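Visitor:
Residue numbers (the working numbering): 1 to 183.
#1: Helix, strand or coil: how does DSSP classify residue 17 here?
#2: Could you name the residues of the same chain whose beta carbon sits closer than 6 angstroms to that of residue 200, not counting the 5 residues immediately before and after it, in chain order?
#3: Pull up the CB-CB distance for residue 4 and residue 31, whole angstroms please, since I reckon it's below 8 angstroms.
#4: Quick check on residue 57: buried or exposed, where buried means 16 or more other Cβ atoms within 10 Å of its Cβ?
#5: Applying the criterion that 16 or more other CB atoms from any shown protein chain within 10 Å of the CB defines a buried residue, is residue 130 buried or exposed?
#6: Quick one: measure Cβ to Cβ for residue 34 and residue 51, integer angstroms, because I've assumed they're closer than 8 angstroms.
#7: In three-state DSSP terms, what is residue 89?
#8: Express the C-alpha separation of residue 100 and residue 146 in angstroms, rounding to a whole number.
#9: CB-CB under 8 angstroms to residue 91, same chain, minus the five flanking residues each way: which ones, in chain order?
#10: To the nearest angstrom, how far is the alpha carbon of residue 24 from that of residue 18?
#11: So, with DSSP's three-state summary, where would you put residue 166?
#12: Which full runs of the alpha helix (DSSP H) of 4+ residues lie inside the region 94-137, going along the chain?
#13: What is the DSSP secondary structure of residue 176, reduced to helix, strand or coil?
#14: If we ignore side chains and look at the alpha-carbon of each, how far apart do residue 185 and residue 27 end up?
#15: Return the CA-CA distance between residue 86 and residue 155, expressed in angstroms with no decimal places.
#16: Helix, strand or coil for residue 158, going by three-state DSSP, please let me know.
#17: At 3 residues or longer, what runs of the beta strand (DSSP E) sit wholly inside the region 6-68?
#18: Starting from the C-beta of residue 38, find all residues in its chain whose C-beta is less than 6 angstroms away, skip the five residues before and the five after it, and write them out in chain order.
#19: Residues in its own chain within less than 6 angstroms of residue 106 by CB, not counting five upstream and five downstream?
#20: Does DSSP classify residue 145 as helix, strand or coil?
See the structure below:
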């Protein structure tokens, strides 16, 4: 089993990313989808993969293709793929790179969906959420166990799971039966 922390758009605040990372002592791998705006070596993370965002000026790659636990990742910030309008171009490039998972940032809005058998993930911003349905900073943790993938989104301030808000899928709860008659 392998857990991967996925973050984006920390905008000059590596301490936020380091604090998130400290919450999970079993995780040693992080994907940062760009807009670090700071020296990425200040991130105290063992296996760190960082791409260049539209606000990054350190020498970073615009995109990366990596493999973790037999899953191929395509990572880009997204500004060069016009993700604020559509995720089609990032999906196309992920397909061209035989990726299983595409990770991007830039919009500051978390998403998770499958497109053409590719899991597309935007973890949101750990620093500046941009509204929509999410008004708090977020990050994601991807767990790979054999061929199974599990993804959860978290509030970056409280570290609570917020999957239901991000995906729009309510967690099923057992409803109490209501009766007008006392038992």
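In this text, a Cβ means the ideal position worked out from N, Cα and C, and glycines have one as well.
Owing to the predicted nature of the structure, the values given are computational and were not obtained by experimental measurement.
Guide: Reading off the structure:
#1: helix
#2: What the structure shows of the chain is the stretch from 1 to 183, and residue 200 is not part of that stretch, so it cannot be assessed.
#3: 6 angstroms
#4: exposed
#5: exposed
#6: 5 angstroms
#7: helix
#8: Going by the C-alpha atoms only, they are around 14 angstroms apart.
#9: 102, 115, 116, 118, 120
#10: 10 angstroms
#11: helix
#12: none
#13: With a pLDDT of 42 at residue 176, under the threshold of 50, the modelled position of that residue is not reliable, and the figure given next carries that caveat. DSSP places residue 176 in coil when its eight states are reduced to three.
#14: With the chain running from 1 to 183 in the structure shown, residue 185 is simply not present.
#15: Each residue's alpha carbon lies about 25 angstroms from the other.
#16: The answer is coil: DSSP assigns residue 158 none of H, G, I, E or B.
#17: 29-32, 47-50, 63-68
#18: Apart from the 5 residues on each side of it in sequence, residue 38 sits with its Cβ closer than 6 angstroms to the Cβ of 12, 14 in its chain, given in chain order.
#19: 77, 78, 79, 83
#20: strand
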